[in-house]
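Asks:
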Amino acid sequence: MTVEQNDLTIRPITRPEELGLFSRLSYVLNEELADDLAAGRRRPQWMWVALRGDHLLARAAWWGRSGDDTPFLLDVFDIDDGRVDIGARLLRTALAEVIQEGATPPEYIRYVPPGWRAAEETKRVVEERMSALERAGARPFVERLRLEWRPGTPIPEPRGRLAFRPVRDAEEILSLMTLVLDGTLDAHSRADLTRMSAREAAVRHYEDELAHYRSPRDWWRVATLPDGEPVGFVTPARNDYNPIVGYLAVLPAHQGNGYIDEILAEGTRILSAQDVPRIRAATDLGNIPMANAFQRVGYVNFERTINMTWS
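Using our numbering, the letters of the sequence shown correspond one by one to residues -17 to 293.
Structure representation (structure tokens):
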């Protein structure tokens, strides 16, 4: 579909060869676009541009899991300087074509520097995009920390309080995921719990994320007391891009004992043994206990994400 509005053309790219056109606006994900297209995580019909002649004024792209017919995230949205109105028009036009009528659009995420509010130009860039998204119906949802462990960073030695074993099966991890939702500080989980039961939220998280990891599930660990009672778990893994600490939690009955550091260290140790170039993780900016645990184990906050949603 191509929409002509005065001298503005809004359309999807027509083929992968137009990736050069799409990439004229810079962003950290540009270097991944070609591989994503080749792997089926992006499709030309999910990648939209707003043009005046051959001048790229705005662009948007959705990402999906390989093989999925619908996108999972809107993770690329850029506008030329000050083109907020054009960005909003692009989004409204593309949303009407990419997203099935009546469906809620996928979440938007944008990677930003840790101190983005303190840098005037970066703050302007981020806020212009947020303004355009709000005009298209999105609302701020949560800000998250992106964290990274780097080779050579010391991993705390085991303290001997906990034992670790592989997760037995999907049912065990789902049961543990259900339990840790009680009192969760995670914004996505809290939002899920307003719409569904804890078990349903755990299943959704598992199917949306954990089921798609590319690494062996026998890397996952349950932390137990010496008598075998579970106190928490961690899912070290690889996604399509990086080694990650995917899910990390302590059961509510065992919180406040400092177990989180030991469980995170074990997950980090498992991935480090694979000779990885880095380990990535993420948590909400407002989840102070989790953020502090990552810091204590040697992870650095190298980036943040701004997450926005449609209701």
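Glycine is no exception: its CB is placed at the ideal position from the N, C-alpha and C atoms. In this text, all values refer to a predicted model and were calculated from it rather than measured experimentally.
Would you say tryptophan 131 and arginine 260 are within 8 Å of each other, going by their C-beta atoms?
Replies: As a position in the sequence shown, residue 131 is number 149, starting the count at 1. As a position in the sequence shown, residue 260 is number 278, starting the count at 1. Yes. Within cutoff.
Asks: Looking only at DSSP bridge pairs, what is aspartate 295 linked to?
Replies: Examination of residue 295 is not possible in this model, given that the chain is present from -17 through 293 alone.
Asks: Terminal residues of the continuous alpha helix (DSSP H) containing aspartate 190?
Replies: Counting from 1 along the sequence shown, the entry for residue 190 is found at position 208. It spans 180 to 190 - the alpha helix (DSSP H) in which aspartate 190 sits, taken as one unbroken run.
Asks: Could you pull the start and end residues of the beta strand (DSSP E) that alanine 263 belongs to?
Replies: As a working note, residue 263 is residue 281 in the sequence shown. Run containing alanine 263: 261 to 266, per the beta strand (DSSP E) assignment.
Asks: Within its chain, find whatever has a CB closer than 7 Å to the CB of asparagine 224; leave out the 5 residues flanking it on each side and keep chain order.
Replies: Looking up residue 224 in the sequence shown gives position 242. Counting only Cβ-Cβ distances below 7 Å, and skipping sequence neighbours, we find Arg260, Arg262.
Asks: Going by CA-CA distance only, name the one from Ile61, Pro96, Asp60, Glu13 that's closest to arginine 128.
Replies: Here residue 128 corresponds to residue number 146 of the sequence shown, with the count starting at 1. Comparing Cα positions, the closest option is Pro96.
Asks: Could you pull the DSSP bridge partners for tryptophan 201 from this structure?
Replies: Working through the sequence shown from its first residue, we reach residue 201 at position 219. DSSP lists no partner for tryptophan 201.
Asks: Taking Cβ to Cβ, would you say aspartate 60 is nearer than 8 Å to tyrosine 9?
Replies: Walking along the sequence shown from the start, residue 60 turns up at place 78. Walking along the sequence shown from the start, residue 9 turns up at place 27. It is a contact, given that the beta carbons lie within the stated cut-off.
Asks: Going by CA-CA distance only, name the one from Arg251, Leu246, Ile288 that's closest to phenylalanine 276.
Replies: In the sequence shown, the residue the question calls residue 276 occupies position 294. Ranking the options by Cα distance to phenylalanine 276, first place goes to Leu246.
Asks: Look at the alpha carbon of aspartate 57 and the alpha carbon of alanine 264, and state the distance between them as a whole number of angstroms.
Replies: Residue mapping note: residue 57 aligns to position 75 of the sequence shown, counting from 1. Residue mapping note: residue 264 aligns to position 282 of the sequence shown, counting from 1. So the alpha carbons of these two residues sit roughly 16 Å apart.
Asks: I believe phenylalanine 215 touches arginine 203 by the beta-carbon criterion, under 8 Å. Please report the beta-carbon distance rounded to the nearest angstrom.
Replies: Locating residue 215 in the sequence shown gives position 233, counting from the first residue. Locating residue 203 in the sequence shown gives position 221, counting from the first residue. That belief holds up - the Cβ atoms of phenylalanine 215 and arginine 203 are roughly 6 Å apart, short of 8 Å.
Asks: Do you know how far the Cα of arginine 6 is from the Cα of aspartate 243?
Replies: Counted from its first residue, the sequence shown places residue 243 at position 261. Counted from its first residue, the sequence shown places residue 6 at position 24. Each residue's alpha carbon lies about 43 Å from the other.
Asks: Starting from leucine 73, trace the alpha helix (DSSP H) both ways and give me its first and last residue.
Replies: Here the question's residue 73 lines up with position 91 in the sequence shown. It spans 66 to 80 - the alpha helix (DSSP H) in which leucine 73 sits, taken as one unbroken run.
Asks: Kindly list the residues whose CB is nearer than 6 Å to the CB of alanine 21, restricted to its own chain and excluding five residues on each side of it in sequence; keep chain order.
Replies: Residue mapping note: residue 21 aligns to position 39 of the sequence shown, counting from 1. Only Ser48 meet the Cβ criterion.
Asks: Can you check DSSP and say which residues form a bridge with proline 212?
Replies: Position 230 of the sequence shown, counting from 1, holds the residue named residue 212. DSSP, once it has assigned bridges, lists Thr206 as partnering proline 212.
Asks: What residue from Gly134, Leu163, Thr(-16) has the CA that sits closest to glutamine 27's CA?
Replies: Position 45 of the sequence shown, counting from 1, holds the residue named residue 27. The candidate whose alpha carbon is nearest that of glutamine 27 is Thr(-16).
Asks: So the beta strand (DSSP E) glutamate 83 belongs to, where does it begin and stop?
Replies: The residue labelled residue 83 in the question sits at position 101 within the sequence shown. No beta strand (DSSP E) contains glutamate 83, which DSSP labels as neither H nor E.
Asks: When you compare only the Cα positions, how much space is there between valine 213 and glycine 165?
Replies: Taking the sequence shown and counting its residues from 1, one reaches residue 213 at position 231. Taking the sequence shown and counting its residues from 1, one reaches residue 165 at position 183. Whole-angstrom Cα-Cα distance: 15 Å.
Asks: My output table needs one value for leucine 161: the three-state DSSP class, helix, strand or coil.
Replies: Start at 1 with the first residue of the sequence shown, and residue 161 comes out as number 179. Residue state, collapsed to three classes: helix.
Asks: Starting from glycine 228 and walking both ways along the alpha helix (DSSP H), at which residues does that stretch end?
Replies: Position 246 of the sequence shown, counted from the first residue, corresponds to residue 228. Per DSSP, glycine 228 belongs to no alpha helix (DSSP H); it is in the beta strand (DSSP E), 225 to 232.
Asks: Locate the beta strand (DSSP E) running through valine 94, then write down its first and last residues.
Replies: In the sequence shown, counting from the first residue as 1, residue 94 sits at position 112. Per DSSP, valine 94 belongs to the beta strand (DSSP E) from 89 to 94.
Asks: Roughly how many angstroms lie between the CA atoms of tyrosine 229 and aspartate 190, to the nearest whole one?
Replies: Translated into the one-based positions of the sequence shown, residue 229 becomes position 247. Translated into the one-based positions of the sequence shown, residue 190 becomes position 208. The straight-line gap from Cα to Cα measures roughly 13 Å.
Asks: Please give me, in chain order, every unbroken run of the beta strand (DSSP E) with length at least 3 that falls completely inside the stretch 7 to 41.
Replies: Runs found: 29 to 34.
Asks: How many angstroms separate the CA atom of leucine 115 from the CA atom of serine 293?
Replies: Taking the first residue of the sequence shown as position 1, residue 115 is located at position 133. Taking the first residue of the sequence shown as position 1, residue 293 is located at position 311. Those two C-alpha atoms are separated by around 13 Å.
Asks: Per DSSP, what are the beta-bridge partners of proline 218 in this structure?
Replies: One-based indexing of the sequence shown puts residue 218 at position 236. Proline 218 pairs with Val227.
Asks: Work out the CA separation of leucine 19 and histidine 236 for me, nearest whole Å.
Replies: By one-based count along the sequence shown, residue 236 stands at place 254. By one-based count along the sequence shown, residue 19 stands at place 37. When rounded, the distance between both Cα atoms is 44 Å.
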